[in-house]
Each structure stands twice: as structure tokens, then as C-alpha cells.
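Report on the structure given below.
Numbering (the working numbering), first residue to last: 4 to 214.
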């Protein structure tokens, strides 16, 4: 015969329909979500950051000629106070950032190309002049002494009349020519290009002389 007990039977827990299932915890093999990229402050502006020199100086780029310091485009070292209180406010310099240095270098390269083209033109002109000769008439006595003289301006004018673009400043003579004859005139065309031209100084033709 079964033994009676005072304990009541345990009630079964009611089942809740549609209850969400607990998600399993991620184990060591779970895929981790990539962390967002954090930008370091100032990295994007690094190309515009001024370059510093040692011994308390800073580097700047001159935008104008500064006596005893340099010419436009020169990279120089100055005291920070001199730069910030005078050169920069006066528009005589700018910060020597990598970006500005790149701009200056591109400008210099362009100037080098222009100088090379200019030199080629001067060499071509020098070759043309060397194959020419010019003549200037002047009043002279029977001994060949000029009553006046032939100067650099007259020589340049004679060359221009022959379609050669020469200015008085290009002509190199020690002094005015005062006698009839053949002269070799040196011309400095620019840069380091020089040439020579033959000049005939002849007596002026007059009706009396041709009679």
C-alpha cells in the first residue's frame, strides 16, 4: 500500500508561445566586427605644415627680394619673430610647407624650360649675325678720318635695318669709331651668347665724288 505524503505535486511551467530564443554567446571563433578608422588630427594638413629648422630658426620661402637675405623663391632660415612680425605680414615671404615647396619647384622648372628656349633662339640669332656684314657711311677727309664718329647706337640701327633685332646695349665697342675701314664688332646677345659682325665704315657718296 502506497504511503501518503503531504507534498503537493509541482506545477508545470506554462509554455509561452513565440518567446524569442536566447542567442548563443560568441565563442573564440566568432568573427569580430572591423573597428572604424580613426583619423589622426593634423594628418590631412601635414602637407601645409611649416618646416622647422634647427637652433630655433624656421624655414620660409621668399616671395620678394629681401636685402641681405635672398631673392624670390629662395628657401631661407630666419628667427620665428622676424618671420611672423615682419616678413610674413609684409607679404615678403610665405611658410615653407611641402606644398609651397612643390609649387616653387614647378615654377623653377618652367623657368628653366623658358631659359633653354631663349638660349636656343639666341644661338640661332648669333649664327645669322656671324654670316652678315653691315655698312655705315660717314663723312671723312682725304686721310680717312671721320668728321664725326660712328657709335653703338648707329651700329645697332644698321643691324636692325638688316632685320636683326639688336639694341644699343648689345653692342660692345671701346669707343666711337673715328676712321674709315673694316671693323669686327662684338655683340653680347644675352645670357652667355656672344657673336661678331663685320662693319664697313665707308665715305659718304656725294654728287661731287661721283662726278
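Glycine included, every Cβ here is placed at the ideal spot set by N, Cα and C.
Per DSSP, residue 179 is not a residue of any beta strand (DSSP E), being assigned neither H nor E.
The three-state reading of DSSP puts residue 90 in helix, counting H, G and I together. Beyond the five residues adjoining it in sequence on each side, residue 171 comes within less than 7 Å, by CB distance, of 155, 156 and 159 in the same chain, given in chain order. Residue 102: not part of any beta strand (DSSP E); member of the alpha helix (DSSP H) spanning 101 to 133, first to last residue.
Counting every other CB atom within 10 Å of its CB across the protein chains shown gives residue 88 a total below 16, marking it as exposed. Taking each of 204, 188 and 109 in turn and checking the Cα distance to residue 139, the smallest one comes out for 204. DSSP, reduced to helix, strand and coil, places residue 74 outside both helices and strands of the structure shown, so it counts as coil. Non-local C-beta neighbours of residue 73 in its own chain, meaning closer than 7 Å and more than five positions away in sequence, comprise 65 and 79, ordered along the chain.
In terms of Cβ geometry, residue 122 and residue 196 form a close pair [threshold 8 Å]. Residue 137: not part of any alpha helix (DSSP H); member of the beta strand (DSSP E) spanning 136 to 141, first to last residue.
In this chain, the beta strand (DSSP E) harbouring residue 197 covers 196 to 206. According to the DSSP assignment, residue 162 belongs to the alpha helix (DSSP H) that extends over 155 to 164.
In its chain, beyond the 5 residues on either side, 107 have a beta carbon closer than 6 Å to the beta carbon of residue 76. Non-local C-beta neighbours of residue 96 in its own chain, meaning closer than 7 Å and more than five positions away in sequence, comprise 63, 64, 65, 66, 86 and 90, ordered along the chain. Within the same chain, 152, 153, 186 and 204 come within 7 Å of residue 180 by CB-CB distance, once the 5 residues on both sides are set aside.
As DSSP reads the structure, residue 149 sits in a beta bridge with 143. Straight across, the Cα-Cα distance linking residue 136 with residue 119 is about 28 Å.
Ranked by how close their Cα comes to the Cα of residue 162, the residues 148, 132 and 147 have 132 in first place.
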